[in-house]
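Written out below as structure tokens is the structure these notes cover.
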Amino acid sequence: MLRQYELVELVKSYDPDADEDALNRAYVFAMKKHGAQLRESGDPYYSHPIEVAGILTKFKLDSASIIAALLHDTVEDTDTTVEEVRQLFGDQVASIVDGLTKLAMIEQKSGNSKQAENFRKLLLAMSEDIRVLLIKLADRLHNMRTLHFCKPEKRMRISKETLDIYAPLAERIGMQEVKSELEEIAFSELHKEAHDSIVARLNFLREQGSNIVPKIIRQLEKDMKDNGIKASVSGREKTPYSIWRKMQQKNASFEQLSDIMAFRIIVDDIGSCYQALGVIHSKYHMIPRRFKDYISTPKPNGYKSIHTGVIGPENTRIEIQIRTTEMHEIAEKGVAAHWAYKQGQRVEGKNFRWIRELLEILEQAQNPEEFLENTKLEMYNDQVFCFTPKGDLIGLPINSTPVDFAYAIHSSVGDSCVGAKINGEIRPLRTILQNGDQVEVLTSKAQHPSTEWERFVVTGKAKAAIRRYVRAHKRDQFITLGQEILERLFKSENLEFSEKGLINVLQNFEADSIDDVYAKVGEGLVTGWDVLKAVYPAYKQSKLEKVVKAIKVPSLKKVLKKGKDKGEPLKIKGLIPGMAVHYAGCCHPLPGDRIVGIVTTGKGVAVHTIDCKLLEKFANEPERWLDIAWGDDAYGETHVGRLKIMLSNEPGALGDLSNLIARCNGNISNLNIVYRTVSYFELLVDIEVKDIKQLSEIIDVLKASKVVSYVARAAQ
Ligand code: MN
0 MLRQYELVEL VKSYDPDADE DALNRAYVFA MKKHGAQLRE SGDPYYSHPI EVAGILTKFK
60 LDSASIIAAL LHDTVEDTDT TVEEVRQLFG DQVASIVDGL TKLAMIEQKS GNSKQAENFR
120 KLLLAMSEDI RVLLIKLADR LHNMRTLHFC KPEKRMRISK ETLDIYAPLA ERIGMQEVKS
180 ELEEIAFSEL HKEAHDSIVA RLNFLREQGS NIVPKIIRQL EKDMKDNGIK ASVSGREKTP
240 YSIWRKMQQK NASFEQLSDI MAFRIIVDDI GSCYQALGVI HSKYHMIPRR FKDYISTPKP
300 NGYKSIHTGV IGPENTRIEI QIRTTEMHEI AEKGVAAHWA YKQGQRVEGK NFRWIRELLE
360 ILEQAQNPEE FLENTKLEMY NDQVFCFTPK GDLIGLPINS TPVDFAYAIH SSVGDSCVGA
420 KINGEIRPLR TILQNGDQVE VLTSKAQHPS TEWERFVVTG KAKAAIRRYV RAHKRDQFIT
480 LGQEILERLF KSENLEFSEK GLINVLQNFE ADSIDDVYAK VGEGLVTGWD VLKAVYPAYK
540 QSKLEKVVKA IKVPSLKKVL KKGKDKGEPL KIKGLIPGMA VHYAGCCHPL PGDRIVGIVT
600 TGKGVAVHTI DCKLLEKFAN EPERWLDIAW GDDAYGETHV GRLKIMLSNE PGALGDLSNL
660 IARCNGNISN LNIVYRTVSY FELLVDIEVK DIKQLSEIID VLKASKVVSY VARAAQ
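Take 0 as the starting number for the sequence shown in numbering that gives the first Met the number 0 and just add one per residue.
Structure below.
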């Protein structure tokens, strides 16, 4: 246990002006107050707050934090009051101790909902003063270090909570060392077998590899020296827990995880970081997608470094991190590194935007479990970094979409987003954002969150907001949809549609109002035909309904045979003979595309590409779907394909474009300027082609042209 003078000396070693008297008084106060209380280890209780204070000196925290650490359990576990602390040690210390006490009071309870509640209190407390979190993490670290003295059941609960909440929080504020140690201890408690076998395997590899880590370090040191870069190189194996996590995520066995070694090159300045990177990449093969530049785009927790994966010395797959000494300090100590003793002022909540965001999710979640699920996702995911048009950086979990981005800016932006421009291009809302994308959210007051979005958003904030909206507005949507379905159906059958007719049949559908009937139809609980038949019992089945029924009868073989027998040209296989057919204008299917037929009301069969967005509308009407394919004869005739093209706004560009298309035997049948700026046009161009192959050739040729900056098949 740290002695009184040792603790005071530690603090004075980095803060010569520390309040020595107050530190001494706090040390004695804690000892006296905890008196004869014992820890489960049998040690005197006061050893715990003193060790917690000791941990915090490693992060060079200010005296108020060290004093609060010494006192952190006095109000909870002894007769001390917050007032007493305030009188003896001042307002700052008292309010930190108060925050920690409130947390501890509810922490003793277990269960998932209590865990969420703990988390909420923790967030609230630390949004006031981030030092509450720093002390809480040190407290948890010491408790984990002495966990083996507790009963098994408590060990499991504490370990789980540590992995779920405290380790991610430590990571979130950049306390890498604390995070790793918390994870390792919790991992060995919760998954002892997995932990032990990974450790054993690592030991074995270490012996086998005849100490490969020092060899690689020596080679990297030589590489730097040969190129005149002053650097210190270190290497380590990844921790058992991070290896295990990776095994879980990638579903890989330990053998497949080749990059279990990470190396660090620490240099003097930023310029040298990129020089070192140049040396590494020119000498070793880079592994695709493993390069990340967190120097030009730091993580939200302030982390800066260059990461790259290469096939390094000894032909081994390794990860290399390159950073300056200063970046290294911040990487290991995170927020605490900024919280040097000199900057004794409060850290404002606005610097910790993510804390606010978590609180916001909390307010929108229906129950604690949902909240915990959302926030867990939030904290574990890797990040991508995107920019607003003004250049503000928005950090998002990996696989985020423009909708996530919109909600990250503000809930109202998310709620009203209709589209997005990514790097100047209009892209679908489900597009996955990449690092460095510039995202402009297009909004409309008429837009509302859609259930569809829930399928592709990944941030807890977006999920919570969409669910909340949908919960409130689902019924409205069903009503509108149901009314629309009924009106169309009645109209297509040339029958009068009136509310009066519906009122008479309410009880047929156990409905209290017309809206109830609409909602049922909209939700698909009752079909439009059910309603029509109830209103007009004498009405005979329409042709359409007969057709729909009939589709189920003939097998594909029969249909094909019939078509052939008649000797008709077979453009599309799987149609019902004699039925009108047209190509959908939304997706412009071409021979070579995979296609599907939809039986429309009155217009025969519409042919769509299998990935056409419009098909989602028919998801609940399988009876309208036809399994069709292109027939051999389809390849002889011409079809219309539609391209979206971004063209430079320069003289002759349009002429170049039509020449290129003509050279590929394509014939422009329609051209539409969608959008025009000083520097470019956005065009929709319809081109007559034979098949998908020809259109692809045209796309390739256009891509190569200097006047075309973007070209792709247009889709709705
Ligand atoms: Mn404690």
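Ideal Cβ positions, reconstructed from N, Cα and C, are used throughout, including at glycine. For clarity, every value in this text was computed on a predicted model and none was experimentally measured.
Flag this pair as yes or no: are the beta carbons of residue i and residue j separated by less than 8 angstroms?
i: V51; j: H141; result: yes
i: V580; j: V604; result: yes
i: A533; j: R641; result: no
i: L485; j: G418; result: no
i: V278; j: I215; result: no
i: E170; j: K178; result: yes
i: A633; j: C611; result: no
i: R139; j: L99; result: no
i: H33; j: T77; result: yes
i: A537; j: K643; result: no
i: K11; j: E19; result: yes
i: L70; j: A25; result: yes
i: L574; j: L625; result: yes
i: R144; j: I172; result: no
i: S295; j: I265; result: no
i: Q693; j: G665; result: yes
i: A261; j: E328; result: no
i: L87; j: L136; result: no
i: A29; j: Y45; result: yes
i: A405; j: L395; result: no
i: I791; j: I197; result: With the chain covering only 0 through 715, there is no way to say anything about residue 791.
i: L201; j: E236; result: yes
Spatial neighbours of residue i within its chain, please: C-beta separation below 7 angstroms, excluding the five flanking residues on both sides.
i: A652; result: L646, V706
i: Y679; result: M645, L646, S647, N648, S708
i: I425; result: G418
i: L670; result: L682, V684
i: V700; result: L659, C663
i: S399; result: V383, L432, V457, T458
i: D292; result: I305
i: E331; result: Q175, E176
i: E66; result: In the sequence as presented, Glu is not what sits at residue 66; that position holds Ile. If we look at I66 and ignore the five residues flanking it on each side, its Cβ neighbours are A21, L22, A25, F88, V92.
Taking its Cβ as the centre, do 16 or more other Cβ atoms sit within 10 Å of residue i, making it buried, or is it exposed?
i: A703; result: exposed
i: T161; result: buried
i: L146; result: buried
i: P717; result: Given a span of 0 to 715 for the chain in the structure shown, any question on residue 717 remains unanswerable.
i: E8; result: exposed
i: R2; result: exposed
i: F674; result: A small correction: the amino acid at residue 674 is Tyr; Phe does not occupy that position in the sequence shown. Exposed, because fewer than 16 other Cβ atoms sit within 10 Å of the Cβ of Y674.
i: I618; result: A small fix is needed here, since residue 618 is Ala in this sequence, not Ile. Result: exposed.
i: S271; result: buried
i: M0; result: exposed
i: G635; result: exposed
i: P388; result: exposed
Looking only at its own chain, which residues have a Cβ that is under 6 angstroms from the Cβ of residue i, when we skip the five neighbours before and after it?
i: A760; result: With the chain running from 0 to 715 in the structure shown, residue 760 is simply not present.
i: W629; result: P590
i: F290; result: T307
i: R263; result: S233, Q320
i: E188; result: R154, S158
i: E696; result: C663
i: R429; result: T400, F455
i: P448; result: D414, I465, Y468
Which same chain residues, not among the five before or five after residue i, have their C-beta less than 8 angstroms away from its C-beta?
i: I691; result: L589, P590, G591, D592, G640
i: R345; result: Per-residue confidence for R345 stands at a pLDDT of 37, beneath the threshold of 50, marking its modelled position as unreliable; no derived number is given.
i: N422; result: D436, Q437
i: Y4; result: none
i: T479; result: Y517, G521
i: G481; result: V516, Y517, A518, K519, V520, G521, E522
(message) Pairs of beta-carbons, one from the stretch 432-448 and one from the stretch 405-420, closer than 8 angstroms: are there three or more?
(response) Segment contact: the stretch 432-448 against the stretch 405-420, three or more CB-CB distances shorter than 8 angstroms; contact assigned.
(message) If we require 4 or more residues per run, which alpha helix (DSSP H) segments fall completely within the stretch 386-450?
(response) Taking 4 residues as the shortest admissible run, the stretch 386-450 contains the following complete alpha helix (DSSP H) segments, listed from N- to C-terminal end: 401-408, 410-414.
(request) Return the chain-ordered ranges of every beta strand (DSSP E) run that is complete within the stretch 219-273 and spans a minimum of 3 residues. (result) If we require 3 residues or more, the beta strand (DSSP E) runs fully inside the stretch 219-273 come out as 230-236, 260-266.
(request) Say whether the stretch 478-493 touches the stretch 446-457, bearing in mind that this needs 3 or more beta-carbon pairs closer than 8 angstroms, one atom from each stretch. (result) As far as the Cβ criterion goes, the stretch 478-493 does not touch the stretch 446-457, which means the pair count is below three.
(message) Can you confirm whether the stretch 126-140 touches the stretch 29-40 when touching is taken to mean that 3 or more C-beta pairs between the two stretches lie within less than 8 angstroms?
(response) No, the stretch 29-40 is not in contact with the stretch 126-140.
(message) Going residue by residue through the stretch 636-681, where are the continuous alpha helix (DSSP H) segments of at least 4 residues, counting only ones entirely within it?
(response) You should have 652-662.
(request) List in chain order: all unbroken beta strand (DSSP E) runs of 3+ residues lying wholly within the stretch 152-182. (result) Taken in chain order, the complete beta strand (DSSP E) segments of 3 or more residues contained in the stretch 152-182 number zero; there are none.
(request) Enumerate, from N- to C-terminal direction, the unbroken beta strand (DSSP E) stretches of 3 or more residues contained entirely within the stretch 279-337. (result) DSSP runs (the beta strand (DSSP E)) wholly in the stretch 279-337: 305-310, 316-323.
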